[in-house]
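The structure appears right after this line, and notes come after that.
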């Protein structure tokens with residue numbers, strides 16, 4: 330299935346696919362692409378966030394992973410540091426105001442120079458039923474408030490905020 334999706338995607342891009350800047354960069358060039366940059370990823374101990382973290386670190390960024398569970402943060406940091414990647418972690422449940430405030434304060438103290446990239450991927454699963462049938466309040470709990478409050482990490486007003 331994934332092969333078919335990948336083939337279809339390449340087919341849609343046609344001749345433009347090889348034009349990607351990433352395709353033509355060597356490992357040495359890529360490893361300094363994000364040098365001296367800090368990337369904070371919420372909800373990054375599994376799934377898409379866990380896949381993004383090593384790539385950002387391989388491109389030279391210092392990555393801060395986060396999760397609502399400390400054991401997930403510890404496991405992810407250990408795995409990425411074992412690959413000699415620059416990574417730290419903090420426990421932060423973006424659905425809880427007190428956790429957001431503590432998480433933001435921890436990162437601000439650790440990185441006085443500021444954060445360059447903030448990728449908000451933390452989500453909230455409804456206790457009962459389908460995610461698509463969740464109330465607006467459940468969606469807002471992590472998606473809007475998480476990105477909005479944690480977005481204060483981009484003090485310099487020069488960074489990038491992505492909410493997935």
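In my numbering, the protein residues as written are 330 to 493.
Glycine included, every Cβ here is placed at the ideal spot set by N, Cα and C.
- The three-state secondary structure of residue 379, taken from DSSP, is helix.
- Within the same chain, Cβ atoms closer than 7 Å to the Cβ of residue 379 are found at 373 and 405, the five residues on either side in sequence being excluded.
- Taken through DSSP and simplified to helix, strand or coil, residue 369 comes out as strand.
- Across the set 446, 383 and 445, the C-alpha of 383 shows the shortest separation from the C-alpha of residue 412.
- In this structure, the CA atom of residue 399 is about 7 Å from the CA atom of residue 419.
- Residue range 399-411 is occupied by the alpha helix (DSSP H) that includes residue 409, with no beta strand (DSSP E) assigned at that position.
- Measuring C-alpha to C-alpha distances from residue 439 to each of 403, 387 and 393 identifies 393 as the nearest.
- For the pair residue 446 and residue 427, the Cα-to-Cα distance works out to about 22 Å.
- Boundaries of the beta strand (DSSP E) harbouring residue 420: 416-420, taken from the DSSP string.
- The alpha carbon of residue 391 has as its nearest neighbour, out of 367, 401, 397 and 421, the alpha carbon of 367.
- Cβ-Cβ distances below 8 Å link residue 408 to nothing in the same chain once the five nearest sequence neighbours on each side are left out.
- With a contact defined as Cβ atoms closer than 8 Å, residue 451 and residue 416 miss out at about 17 Å.
- The C-alpha of residue 388 lies about 15 Å from the C-alpha of residue 410.
- Going by beta carbons, residue 432 and residue 395 fall inside the 8 Å limit.
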